[in-house]
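To keep things clear, I will list the structure first and then write my remarks on it.
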Amino acid sequence: MVPRQTAPTQETCMSDKIYDIIFRIAEVLELPVVILTLLALAVALVEVGALITELFKRRRRTFSALAKAGASARRAVDEGRMDEASALLQTVAWSSPVGKAFKVLVGAVDKPGADTRIAKELADFDFGRQARLSRTRLLVRLGPALGLMGTLIPLAPALDGLARGDVDALTDNLRLAFSITVLGILIGVISLALSLLRERLYGQDFSDLEYVAAILTDDGSAAASIAQNSRTVPAASTTPAHPATTSETVSLPPLVPPAPPAAPASSGGTEYSS
């Protein structure tokens, strides 16, 4: 007996249409995912080149050079030579954002509310640093996500080719899936390394800005106070701790012998003999 085939219900037809829409969307996303992965890889390689350039510029970075430039700039500011002070600080500016921040610091020193202006500039520099780091931080998450999407999307046509016995379609889709996976992981690794290195470099830049700002705004009262305290410290006493061990003669009062005991007084009464 041949089993009777039931007609597809309306719910089954609706679910098939929904599944077909999902499959079509996934197929449409295949090419954009591949293009975005290649663009992300290109951006990561460009960032690598930019980082190499930054490291090359910072090869002469030393604290002694920064301290010398900061002290010279402070003397120039005290003498009213603002342009010279800014030029001196530009010699230790290892990036354009740091150079711009140095100019703002020098320009704000001799104006009212210098501390507030300098604090605002430091905050703006830190905000720009975070915005610069957000590029590679985004790629750290975007690369593996694109790699996963590029892996899963070609699997559907690969399984379809396997069911139809089309070995060529199966091979091509699997090669594409695994290649996108490798590229996504590579993008994530490169971006993570860039983020860590740049975070350290920009942290050094922020430290340099704080150091220069402290030099430019210091009125010298702290150093003078320390020097004054060092001059007023009493000298160490040379008196020995145990004065009894010295050779000085100690005079004692003469010894007076004790007085003999007084005789008992007579009572004057009558004595009775036994």
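Just so we're aligned: the sequence shown equals residues 1 to 274 in the UniProt record's numbering. Backbone N, C-alpha and C define an ideal beta-carbon position, used for all residues, glycine too. What you are looking at is a predicted structure, and each value in this text was computed from that prediction instead of being measured.
Point to revise | Assumed close pair P144, L176 - CB separation to whole angstroms, cut-off 8 Å | key: Contact doesn't hold; Cβ gap of about 17 Å is too wide.
Exercise for review: Using beta-carbon positions only, say whether A73 and A85 come within less than 8 Å of one another.
Suggested key: Against a cut-off of 8 Å, the Cβ pair of A85 and A73 comes out as a contact.
Check your understanding: So, using beta-carbon positions, are T181 and A114 closer together than 8 Å?
Key -> Their beta carbons are not under 8 Å apart, which means T181 does not touch A114 by this criterion.
Exercise for review: Please confirm if the region 190 to 206 is in contact with the region 129 to 144, defined as three or more CB-CB distances below 8 Å between the two stretches.
Suggested key: With a cut-off of 8 Å on Cβ pairs, the region 190 to 206 is in contact with the region 129 to 144, counting three or more such pairs.
Check your understanding: What's the call for A119, buried or exposed, on a 16-neighbour Cβ count within 10 Å?
Key -> Here A119 is exposed, its C-beta having fewer than 16 other C-beta atoms within 10 Å.
Check your understanding: Nearest chain C C-beta to A85 closer than 8 Å, yes or no?
Key -> No chain C appears in the structure shown, which is made up of a single protein chain.
Review point. Between the C-alpha atoms of S95 and P112, what's the straight-line distance to the nearest angstrom?
Key: Their Cα atoms are separated by approximately 28 Å.
Practice item. Can you tell me which of the three DSSP states T62 falls into? Key: Per DSSP, reduced to three states, the secondary structure at T62 is coil, with no helix or strand assignment.
**Study point:** the region 162 to 169 / the region 196 to 214 touching (three or more Cβ pairs under 8 Å)
**Key:** Not touching, per the Cβ criterion.
Point to revise | For E79, the three-state DSSP class (helix, strand or coil) | key: Reduced to three states, the DSSP call for E79 is coil.
Practice item. Identify the continuous alpha helix (DSSP H) that holds V182 and give its terminal residues. Key: Residues V167 to T217.
Practice item. Below 6 Å CB to CB, which residues in the same chain sit around V98 once its five sequence neighbours on both sides are set aside? Key: Cβ within range, chain order: D205.
Review point. Between the beta-carbon of M82 and the beta-carbon of G107, is there less than 8 Å?
Key: Yes, the Cβ-Cβ distance between M82 and G107 is below 8 Å.
Practice item. Consult DSSP for G113 and reduce its assignment to one of helix, strand or coil. Key: In this structure, G113 counts as coil in the three-state DSSP scheme.
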